[in-house]
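The listed protein sequences correspond, in order, to chains G and V.
Count the first sequence with the UniProt record's numbering and you get residues 1 to 522, in order.
Count the second sequence with the UniProt record's numbering and you get residues 1 to 522, in order.
Protein chains: 2
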Amino acid sequence: MFEATKVGRSVSKEDYKEQQEELRTQLLAAQRDLRAFNVPVIVLVSGVEAAGKGEVINRLNEWLDARGVQTFAFWDESDEERERPRYWRFWRSMPPRGEISILFGGWYQTPIEHRFKGHCTDAELDGELNRIVDFERMLIQDGALIVKFWFHMSETDQKARLKELSRDDKSRWKMLPEKSKFSEHYAAFEQVAERVILHTDRGVSPWYLIEAGDRRYRDLTVGKTLLHSIRSRLSEATTEEQNNSLVSPDLPSSASAQITLLDQLDLSLAIPRDDYKTELKRLQTEINELAWTAYNKKRSTVLMFEGVDAGGKGGAIRRITSSIDARLYRAIPVAAPTDEEKAHHYLWRFWRHIPRAGYITLYDRSWYGRVLVERVEGFAGDAEWRRAYSEINRFEEQLVDSGVILIKFWLHISQDEQLKRFKDRENVPYKRYKITEDDWRNREKWPHYKEAVNEMVARTSTKHAAWTLVEGNDKPYARIKVMRTICDTLTEALKRDPTPTTGYVPCGDKRIEDVKKPNGNH
Amino acid sequence: MFEATKVGRSVSKEDYKEQQEELRTQLLAAQRDLRAFNVPVIVLVSGVEAAGKGEVINRLNEWLDARGVQTFAFWDESDEERERPRYWRFWRSMPPRGEISILFGGWYQTPIEHRFKGHCTDAELDGELNRIVDFERMLIQDGALIVKFWFHMSETDQKARLKELSRDDKSRWKMLPEKSKFSEHYAAFEQVAERVILHTDRGVSPWYLIEAGDRRYRDLTVGKTLLHSIRSRLSEATTEEQNNSLVSPDLPSSASAQITLLDQLDLSLAIPRDDYKTELKRLQTEINELAWTAYNKKRSTVLMFEGVDAGGKGGAIRRITSSIDARLYRAIPVAAPTDEEKAHHYLWRFWRHIPRAGYITLYDRSWYGRVLVERVEGFAGDAEWRRAYSEINRFEEQLVDSGVILIKFWLHISQDEQLKRFKDRENVPYKRYKITEDDWRNREKWPHYKEAVNEMVARTSTKHAAWTLVEGNDKPYARIKVMRTICDTLTEALKRDPTPTTGYVPCGDKRIEDVKKPNGNH
């Protein structure tokens with residue numbers, strides 16, 4: 001596959017100078033158009049050692065307008081990153097719409113390294129690559145352009161370059177505290193790289209193999225490829241936007257006729273007042289202890305609450321938070337997004353609040369807004385909310401795989417009970433603020449919401465992240481059910497180590513000893 | 001001072017129930033008004049051990065509308081926090097306008113602990129408290145309300161409470177991995193607390209001493225105090241805003257008549273083309289090495305560029321970034337703030353990008369915008385930009401004290417040279433995007449800018465953070481001067497350990513051994 005990168009192409013100094021000026025002008029113009037069309041661009045820079053990835057990135061930074069370009073490297077993991085699901089760091093580096101992020105290696109770096117060092121099998125690598133394909137597709141569907149560069153050169157050229165670098169005082173290779181050993185196993189590394197590239201070279205996010213032997217050729221080719229990619233992405237923009245505007249909000253007409261999962265909830269379930277008090281106290285003590293145990297074991301927890309308006313989310317959440325030490329949790333009420341949030345993929349704002357190891361985040365409403373309010377109100381297009389199910393499943397899978405204990409609640413009440421609560425709220429002074437025009441409006445769309453909820457639960461109640469449906473007409477019953485579910489799940493989860501569901505064990509360098517032995521790849 | 005907190009006040013269950021309902025209603029209403037008036041509120045919760053700070057915080061979270069309240073504790077420092085100036089973590093927890101942040105201990109926690117443990121002297125503590133007073137004043141002048149609670153109880157009550165806690169499974173005190181020893185030295189702790197409170201009890205941000213023996217009394221008093229503080233802050237809002245609108249942008253009329261520091265720059269300074277090339281290459285190699293040395297020594301660097309439009313900031317920055325490994329630096333072009341940025345103090349957006357230990361941030365324009373463009377264009381009121389000088393000095397002092405190497409450049413060119421460059425830009429295709437209507441407009445305000453720059457340099461060229469004025473008419477000369485300054489400063493700074501200028505040595509628990517011995521306070 002890499003033959004084409006070893007033919008020895010080069011560009012003369014004069015040609016370079018001439019072409020560079022034209023290219024810069026066009027790149028700057030393309031950048032302005034990116035901003036106008038609100039397209040975010042992710043540039044991934046990977047390749048063999050000594051191919052000059054850092055040089056290329058400096059060159060791009062020189063050519064592009066610095067307003068709107070950020071560069072991210074992932075070699076120096078902080079504990080805030082280490083203690084969260086491994087994609088958190090990539091979400092942190094996502095460009096807002098209209099801007100460019102240049103990523104060193106990005107999400108390809110660790111899988112390649114792990115396979116090369118023998119920390120995972122080919123099959124496990126393939127599984128991870130499948131997830132990468134899904135991840136990239138998700139970003140692209142959200143409007144992003146992903147441009148992936150792989151820099152390659154022959155073994156002889158690489159050896160020469162490394163020799164040159166070791167003489168050059170400016171060389172990173174020389175300065176790096178720990179030299180890595182990829183270059184000493186040229187063929188093995190090439191083999192892993194080929195597997196990765198073949199597997200992830202999709203039409204929507206292709207790899208560009210760049211011959212890196214000649215610096216001028218390399219840089220010009222990168223610049224031109226980037227320019228071409230931006231231009232062709234922008235030429236689609238108009239057609240696509242036209243299509244988008246043709247999509248009408250998808251309001252199923254026969255929704256009210258369906259019998260849903262929610263209809264089967266026994267909303268008459270209740271608990272006597274006295275039992276409630278005793279049980280509540282017991283469960284609060286238990287949750288408090290479990291939160292400390294989780295802290296000491298460095299396991300994090302995500303508690304997610306969705307439900308009918310006035311379904312009792314707030315009340316349940318308060319019973320939980322008041323039993324946990326305030327130092328250990330953060331409650332995130334999900335309201336309208338800020339403009340920084342709007343400039344990113346809809347999952348970005350939730351990634352922001354994923355807890356560090358040992359901590360708890362409670363989401364009062366969540367990423368499911370995409371398939372609930374955004375679907376019903378038509379804020380998300382048909383294609384958008386439809387693909388959100390699998391995006392959400394992948395997201396939750398990542399949380400669980402990283403050891404996060406994820407518990408999802410749907411608090412349900414009957415339409416009559418809702419009416420009663422709305423009226424109550426209007427009568428209790430300190431509850432009045434909770435009821436707005438919107439609530440009454442949403443109420444009229446009850447059948448549509450019901451269908452959306454039903455489909456949501458059906459499509460996103462996975463083995464690793466099941467929904468707990470809570471019969472909410474009796475508030476005490478609902479609270480106890482929520483808290484008992486939390487206690488049971490935490491108790492169970494804290495007994496054992498997190499077990500990734502995907503077979504691919506990500507590990508930082510610190511944990512390499514713990515992982516299975518190299519399988520003789522080098 | 002604490003006598004009033006030991007009289008044994010209490011509230012009956014019935015009174016509590018009755019008053020609570022009324023209080024909650026009013027707190028919620030006050031919260032809505034906060035949002036309407038865009039006032040950010042910072043609640044600091046401090047006090048003796050076992051006074052129930054966590055309980056109080058849970059209570060406030062129960063009473064307030066969760067949308068708009070966040071709680072922050074500072075006991076579990078991450079490396080991202082440890083590797084930055086110590087106030088970075090507080091800036092991270094600042095509420096946006098209209099919202100409330102509740103901080104456990106906040107910026108008082110460490111000074112109290114350090115003095116109590118004998119890691120600093122009374123004089124050093126006082127110095128730190130002065131800085132706190134300035135810091136709080138700055139936030140208040142920006143519109144914030146700060147409500148500081150100190151929970152206190154008699155030694156007997158505290159002993160009883162600790163006994164109770166050690167029996168209670170829900171107690172944090174019991175669960176905490178390391179029990180601290182404040183309570184075993186009641187009198188010594190009280191003495192430090194008194195010093196701190198007396199020193200920082202200012203009219204604009206008073207301390208509220210709360211008797212913590214009775215939980216109901218404690219919680220009600222906190223709620224009422226908070227309510228009262230918000231109400232009285234809001235009642236000022238209207239008058240204040242009227243005053244603000246009376247302040248006209250301060251455009252000095254005789255500016256053009258003054259001879260300024262800038263006039264004394266010898267703009268004819270230049271460097272021959274050949275010398276430039278040799279010297280540039282040498283300096284780039286040197287900067288590259290110094291960046292790696294700084295990385296290995298975990299010293300961070302802030303390079304800040306201000307200057308006349310078309311003064312050559314971008315060109316200088318590119319010469320620097322292209323010589324540093326792209327993994328080590330981040331360049332921050334300062335443009336219009338996002339809405340999340342607008343919702344905070346103007347320094348917040350710069351704190352966001354302060355580098356971790358070992359890294360470099362380049363600011364292309366900076367916090368000095370406050371006393372330059374915001375002053376001249378009238379975006380900041382008279383009082384606002386006038387007090388910004390000392391706010392900025394304090395900010396930079398903090399950076400330097402934490403070991404950051406800070407280098408500030410002003411790139412200056414003559415008015416004629418600017419005109420020439422503007423015209424050039426319009427002729428070079430890939431430079432055209434750099435010139436806008438604004439640039440021509442700003443040019444007309446040259447004398448006003450000149451005066452603002454002059455005052456800025458005079459007021460903010462401190463011993464620890466001096467300005468380097470760069471004669472910029474000859475681009476090569478300017479670039480060499482910038483790079484040589486960076487090399488010299490870094491070389492010098494990396495030779496020695498950072499020396500705090502303030503006499504107060506902040507230290508995390510990890511470094512306690514390194515600090516001077518306890519002075520027998522316990």
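Quick reminder that beta carbons are idealized off the backbone N, C-alpha and C, glycines included.
Small disclaimer: the values here were computed from a predicted structure and weren't measured.
- Measure the C-alpha to C-alpha separation of V/His199 and V/Tyr87 and round it to an integer number of angstroms. Taking the first residue of the second sequence as 1, we reach residue 199 of chain V at position 199. Taking the first residue of the second sequence as 1, we reach residue 87 of chain V at position 87. Rounded to the nearest angstrom, the two C-alpha atoms are 20 Å apart.
- Task: Verify whether the separation of the beta carbon atoms of G/Tyr108 and G/Val204 is less than 8 Å.
- Result: Here residue 108 of chain G corresponds to residue number 108 of the first sequence, with the count starting at 1. Here residue 204 of chain G corresponds to residue number 204 of the first sequence, with the count starting at 1. No, they are not a contact pair.
- Return the chain-ordered list of same chain residues with a C-beta closer than 6 Å to the C-beta of V/Glu18, the five sequence neighbours on each side being excluded. Taking the first residue of the second sequence as 1, we reach residue 18 of chain V at position 18. Excluding residues within five positions, none has a Cβ falling inside 6 Å.
- Closer than 7 Å by C-beta to G/Trp351: which residues in its own chain qualify, once you throw out the five before and the five after it? Chain order, please. For the purposes of this step, residue 351 of chain G is taken as residue 351 along the first sequence, with counting starting at 1. Excluding positions up to five away in sequence, the list reads Trp88, Trp91.
- Name the residue from V/Arg218, V/Trp207, V/Arg216 whose alpha carbon lies nearest to the alpha carbon of V/Ser229. Against the second sequence, residue 229 of chain V aligns to sequence position 229. The shortest Cα separation from V/Ser229 among V/Arg218, V/Trp207, V/Arg216 belongs to V/Trp207.
- Message: With a threshold of 8 Å between beta carbons, is V/Phe189 in contact with chain G?
- Response: Along the second sequence, read from residue 1 onward, the residue named residue 189 of chain V stands at position 189. With 8 Å as the cut-off, V/Phe189 does not count as an interface residue toward chain G.
- Message: Can you pull the chain V neighbours of G/Arg97, defined as C-beta to C-beta under 7 Å?
- Response: Position 97 of the first sequence, counted from the start, is the residue given in the question as residue 97 of chain G. Residues of chain V passing the Cβ test: none, with the nearest at roughly 12 Å.
- Cα separation between G/Ala193 and G/Arg32? What you label residue 193 of chain G is simply residue 193 of the first sequence in a count that begins at 1. What you label residue 32 of chain G is simply residue 32 of the first sequence in a count that begins at 1. Rounded to whole angstroms, G/Ala193 to G/Arg32 spans 34 Å at the Cα level.
- Task: Anything in the stretch 311-328 of chain V with a Cβ closer than 9 Å to a Cβ of chain G? List those residues in chain order, please.
- Result: Gly314, Ile317, Arg318, Thr321, Ser322, Ser323, Ile324, Asp325, Ala326, Arg327, Leu328
- Collapsed DSSP secondary structure at V/Pro111 in the structure displayed: Within the second sequence, the letter at position 111 stands for residue 111 of chain V. Of the three classes helix, strand and coil, the one that applies to V/Pro111 here is helix, per DSSP.
- Where does G/Ala335 land, buried or exposed, given buried means 16+ other C-beta within 10 angstroms? Against the first sequence, residue 335 of chain G aligns to sequence position 335. With fewer than 16 Cβ atoms within 10 Å of its Cβ, G/Ala335 is classed as exposed.
- 7 Å Cβ shell around G/Glu341 - same chain, five flanking residues per side excluded: Residue numbering aside, residue 341 of chain G sits at position 341 when the first sequence is read from its first letter. Trp348, Arg349, listed in sequence order.
- Message: As a quick exercise: from V/Ala478, V/Ile407, V/Lys297, pick the residue whose alpha carbon is nearest that of V/Trp467.
- Response: Here residue 467 of chain V corresponds to residue number 467 of the second sequence, with the count starting at 1. Checked all of V/Ala478, V/Ile407, V/Lys297; the closest Cα to V/Trp467 is V/Ile407.
- Report yes or no: is there a C-beta of chain G within less than 8 Å of the C-beta of V/Thr71? The count along the second sequence starts at 1 and reaches residue 71 of chain V at position 71. Interface residue, yes.
- What does V/Pro333 reach in chain G if we use C-beta pairs closer than 7 Å? In the second sequence, residue 333 of chain V corresponds to position 333, counting from 1. In chain order: Ala66, Arg67.
- Task: Quick one: grab the DSSP three-state call for V/Thr301.
- Result: Numbered from 1 along the second sequence, position 301 holds the residue referred to as residue 301 of chain V. In this structure, V/Thr301 counts as strand in the three-state DSSP scheme.
- Query: Which residues does DSSP pair with G/Trp467 in a beta bridge?
  - Reply: The count along the first sequence starts at 1 and reaches residue 467 of chain G at position 467. Answer is G/Lys408.
- When V/Arg370, V/Ala212, V/Thr225 are compared against V/Arg386, the one with the closest alpha-carbon: As a position in the second sequence, residue 386 of chain V is number 386, starting the count at 1. Checked all of V/Arg370, V/Ala212, V/Thr225; the closest Cα to V/Arg386 is V/Arg370.
- Query: Using a Cβ-Cβ distance under 8 Å, would G/Ile392 count as near chain B?
  - Reply: As a matter of chain content, chain B is missing from the structure shown, whose protein chains are G and V.
- G/Arg137 versus G/Leu226: straight-line alpha-carbon distance, rounded: Counting from 1 along the first sequence, the entry for residue 137 of chain G is found at position 137. Counting from 1 along the first sequence, the entry for residue 226 of chain G is found at position 226. Distance between the alpha carbons of G/Arg137 and G/Leu226: 19 Å.
- Query: Can you name, in chain order, every residue of its own chain whose Cβ lies under 7 Å from the Cβ of G/Arg356, other than the five neighbours on each side?
  - Reply: Numbered from its first residue, the first sequence carries residue 356 of chain G at position 356. Counting only Cβ-Cβ distances below 7 Å, and skipping sequence neighbours, we find Glu80, Glu83, Arg84, Ser300.
- Task: Counting only the same chain and skipping the five closest in sequence on each side, list residues whose C-beta sits under 6 Å from that of G/Leu303.
- Result: Taking the first residue of the first sequence as 1, we reach residue 303 of chain G at position 303. Taken in chain order, the residues that qualify are Leu362, Ile407.
- Under the assumption that G/Gly52 contacts G/Phe116 (Cβ atoms under 8 Å), give the Cβ distance between them as a whole number of angstroms. On the first sequence, residue 52 of chain G is found 52 positions in, with the first residue counted as 1. On the first sequence, residue 116 of chain G is found 116 positions in, with the first residue counted as 1. Their Cβ separation, rounded to whole angstroms, is 20 Å, which puts G/Gly52 and G/Phe116 out of contact at 8 Å.
- Task: State the DSSP-derived secondary structure class of V/Gly47, mapped to helix, strand or coil.
- Result: The residue given as residue 47 of chain V occupies position 47 in the second sequence. V/Gly47: strand per DSSP, three-state reduction.
- Query: So what's G/Leu265 in DSSP terms, helix, strand or just coil?
  - Reply: Here residue 265 of chain G refers to the residue found at position 265 when the first sequence is read from its first residue. Three-state DSSP puts G/Leu265 in coil, outside helix and strand.
- Query: In three-state DSSP terms, what is G/Lys148?
  - Reply: By one-based count along the first sequence, residue 148 of chain G stands at place 148. Looking at G/Lys148 - three-state DSSP - the assignment turns out to be strand.
- Task: Compare the C-alpha of V/Glu492 against each of V/Leu290, V/Ala388, V/Glu471 and name the closest.
- Result: Locating residue 492 of chain V in the second sequence gives position 492, counting from the first residue. When each option's Cα is compared against that of V/Glu492, the closest is V/Leu290.
- Task: Report the rounded CA-to-CA distance for V/Val404 versus V/Tyr329, giving the unit in angstroms.
- Result: Within the second sequence, the letter at position 404 stands for residue 404 of chain V. Within the second sequence, the letter at position 329 stands for residue 329 of chain V. C-alpha separation (whole angstroms): 14 Å.
- Backbone secondary structure at G/Leu490 - three-state DSSP: If you number the first sequence from 1, residue 490 of chain G lands on position 490. Looking at G/Leu490 - three-state DSSP - the assignment turns out to be helix.
- Item | Selection of the stretch 433-463 of chain G by Cβ proximity to chain V, strictly under 9 Å | Tyr433, Lys434
- Query: In chain order, what residues of the stretch 75-86 of chain G put their CB closer than 7 Å to some CB of chain V?
  - Reply: Trp75, Ser78, Asp79, Glu80
- Limits of the unbroken alpha helix (DSSP H) element including residue 526 of chain G: Outside the displayed span of chain G (1 to 522) sits residue 526 of chain G, for which this structure offers no information.
- Item | Members of the stretch 30-54 of chain G near chain V, C-beta cut-off 7 Å | Arg32, Gly54
- Task: Put G/Leu362 into one of helix, strand or coil per three-state DSSP.
- Result: As a working mapping, residue 362 of chain G is identified with position 362 in the first sequence. DSSP places G/Leu362 in strand when its eight states are reduced to three.
- Item | Amino acids of chain G, ordered along the chain, whose beta-carbon sits closer than 8 Å to that of V/Asn61 | As a working mapping, residue 61 of chain V is identified with position 61 in the second sequence. Within chain G, the residues near V/Asn61 are Arg318, Thr321, Ser322, Ala326, Ala331.
- Task: Quick one: which unbroken beta strand (DSSP E) runs of 3-plus residues sit fully inside the stretch 64-116 of chain V? Chain order, please.
- Result: 69-72, 100-104
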